[in-house]
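Data first, discussion second: the structure below is written as structure tokens.
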Amino acid sequence: MTPEGISELISRVSLRDRAAFDVLYAATSAKLFGVCLRVLGNRTEAEDALQDIYVKIWNKAGRFAVADTSPISWMVAIARNHCIDVLRSRKPAAVELDQAAEVFEPSPNPEQAAVASGEAQRIYDCLGQLEADRAAAVRGAYLNGDSYEILASRHNVPLNTMRTWLRRSLIKLKECLEG
Numbered sequence: 001m002t003p004e005g006i007s008e009l010i011s012r013v014s015l016r017d018r019a020a021f022d023v024l025y026a027a028t029s030a031k032l033f034g035v036c037l038r039v040l041g042n043r044t045e046a047e048d049a050l051q052d053i054y055v056k057i058w059n060k061a062g063r064f065a066v067a068d069t070s071p072i073s074w075m076v077a078i079a080r081n082h083c084i085d086v087l088r089s090r091k092p093a094a095v096e097l098d099q100a101a102e103v104f105e106p107s108p109n110p111e112q113a114a115v116a117s118g119e120a121q122r123i124y125d126c127l128g129q130l131e132a133d134r135a136a137a138v139r140g141a142y143l144n145g146d147s148y149e150i151l152a153s154r155h156n157v158p159l160n161t162m163r164t165w166l167r168r169s170l171i172k173l174k175e176c177l178e179g
């Protein structure tokens with residue numbers, strides 16, 4: 001369906017046209033469900049969220065400004081924002097006391113320390129095989145927690161170039177560590 005067709009349906013939905021709402025749902029629900037599933041990662045939650053999203057679309061249809069944005073972008077924004085709200089409202093999983101002892105280990109035993117030391121040296125050696133700017137970007141992203149934007153600015157490259165650097169560098173590191 002064309003953006004103009006979707007805009008027309010939203011306009012009719014703002015007038016409480018149930019038939020237009022049915023057509024709008026049929027034309028857009030698969031895309032919005034995909035957004036929900038990608039954000040929430042759970043099919044059941046995505047289905048529940050989709051119902052809530054269409055209730056919001058029904059209630060907010062009168063606020064859609066045809067000239068300002070594409071209709072599907074408006075609907076995707078509603079879906080994405082709703083799913084983010086769902087994620088924020090999730091309660092953290094409770095950990096039983098027996099499991100807490102397993103989760104918290106104040107210090108590694110000697111065997112674990114030796115293995116970790118050897119692995120750290122292998123990672124350090126593999127990082128040394130990367131180009132200096134790529135290695136610095138990997139350290140910034142995965143050791144310092146720097147965002148792609150910060151790294152791209154620091155290395156004076158476009159954002160997508162930084163993403164490519166990191167992806168390719170991780171592939172090279174994986175190959176080095178597995179070799």
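For the sequence shown, the working numbering assigns the number 1 to the initial residue and increments by one for each residue that follows. Backbone N, C-alpha and C define an ideal beta-carbon position, used for all residues, glycine too.
Burial of P71 is indicated by the presence of at least 16 other C-beta atoms within 10 angstroms of its C-beta. Relative to A141, the option among D85, T44 and S169 whose CA is nearest is S169. Proximity to A65 across E8, T161 and I123 peaks at E8, based on C-alpha coordinates. A distance below 8 Å separates the beta carbons of I53 and A79.
Fewer than three pairs of CB atoms, one per stretch, sit closer than 8 Å, so the stretch 117-124 makes no contact with the stretch 151-161.
In the three-state DSSP reduction, F33 falls in the helix class (H, G or I). For L40, same chain residues with a beta-carbon under 8 Å away, outside a window of 5 residues either side, are A46, A49, C83, V86 and L87 in chain order.
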